[in-house]
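Peer 1: Count the sequence shown with this note's numbering and you get residues 538 to 650, in order. Sharing a structure here in structure tokens format.
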Amino acid sequence: MLLVRGHGGGTDLTGTVFERGEEPPSYKGTPDADAPYVWICDSFYAVESGGSPIEVDGEEIRIAFESPMPRGFETKEQAIEAAKEHVVTQFVRIGVDSDTVDVEVESAEPTAD
Numbered sequence: 538m539l540l541v542r543g544h545g546g547g548t549d550l551t552g553t554v555f556e557r558g559e560e561p562p563s564y565k566g567t568p569d570a571d572a573p574y575v576w577i578c579d580s581f582y583a584v585e586s587g588g589s590p591i592e593v594d595g596e597e598i599r600i601a602f603e604s605p606m607p608r609g610f611e612t613k614e615q616a617i618e619a620a621k622e623h624v625v626t627q628f629v630r631i632g633v634d635s636d637t638v639d640v641e642v643e644s645a646e647p648t649a650d
């Protein structure tokens with residue numbers, strides 16, 4: 538399992554790439570969940586009212602979330618590139634300059650209960 542973390546505007550976002558042999562969570566209507574590499578992360582956008590408050594660059598804005606939509610990939614490299622692009626896109630959707638978003642990828646060992 539790989540964690541893809543983005544940092545920008547004083548906030549952050551983390552999504553997960555599930556690798557070969559790992560079972561990603563399933564959702565009704567999930568596309569590509571049987572692919573060797575599956576990327577899952579929230580999608581969100583800024584709204585004028587409703588939504589949830591977050592602080593971005595010292596200013597409170599409101600965001601609404603879309604349902605996570607897993608995406609499948611044949612290679613690890615494809616999954617990581619798509620994950621990085623997705624993370625940056627989410628920050629841009631809430632007004633953060635893409636050039637200021639830092640993205641990191643790290644391996645995560647599943648925790649035992």
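Think of the CB as a built atom: it goes at the ideal place given N, C-alpha and C, for glycine as much as any other residue. It should be emphasised that the depicted structure is a prediction, and the values quoted were computed from it without experimental measurement.
Between which two residues does the beta strand (DSSP E) harbouring E596 extend?
Peer 2: What you label residue 596 is simply residue 59 of the sequence shown in a count that begins at 1. Counting along the chain, the beta strand (DSSP E) containing E596 begins and ends at 596-603.
Peer 1: Quick one, are the C-beta atoms of R599 and A619 less than 8 Å apart?
Peer 2: In the sequence shown, the residue the question calls residue 599 occupies position 62. In the sequence shown, the residue the question calls residue 619 occupies position 82. No. Outside cutoff.
Peer 1: Using 8 Å as the threshold, is the stretch 622-630 in touch with the stretch 584-591, meaning 3 or more CB pairs across them?
Peer 2: Short answer: they don't touch.
Peer 1: Report yes if the C-beta distance between T551 and R542 is below 8 Å; otherwise report no.
Peer 2: If you number the sequence shown from 1, residue 551 lands on position 14. If you number the sequence shown from 1, residue 542 lands on position 5. Contact: yes.
Peer 1: F628 bridges to which residues according to DSSP?
Peer 2: The residue labelled residue 628 in the question sits at position 91 within the sequence shown. Its beta-bridge partners do not exist; DSSP assigns none.
Peer 1: Who are I617's beta bridge partners in DSSP?
Peer 2: Sequence index remark: in the sequence shown, residue 617 carries index 80 (1-based). I617 is not bridged to any residue.
Peer 1: Please name the residue or residues paired with A661 in a DSSP beta bridge.
Peer 2: Only positions 538 to 650 of the chain appear in the structure, and residue 661 is not among them; the question remains open.
Peer 1: Out of V593, E596, D571, point me to the one whose CA is closest to E611's CA.
Peer 2: Here residue 611 refers to the residue found at position 74 when the sequence shown is read from its first residue. E611 has its Cα closest to that of D571, out of V593, E596, D571.
Peer 1: Note down, in chain order, each residue of its chain lying with its Cβ closer than 6 Å to the Cβ of K613, except the 5 sequence neighbours on either side.
Peer 2: In the sequence shown, counting from the first residue as 1, residue 613 sits at position 76. Taken in chain order, the residues that qualify are Y574.
Peer 1: Could you spell out the range, first to last residue, of the beta strand (DSSP E) harbouring V633?
Peer 2: Taking the sequence shown and counting its residues from 1, the one referred to as residue 633 is at position 96. V633 -> no beta strand (DSSP E), and no H or E assigned at all.
Peer 1: With 16 as the cutoff for other CB atoms within 10 Å, does V642 come out buried or exposed?
Peer 2: Residue mapping note: residue 642 aligns to position 105 of the sequence shown, counting from 1. V642 comes out exposed.
Peer 1: May I have the straight-line CA-CA distance separating E560 from M538, to the nearest angstrom?
Peer 2: Translated into the one-based positions of the sequence shown, residue 560 becomes position 23. Translated into the one-based positions of the sequence shown, residue 538 becomes position 1. About 10 Å.
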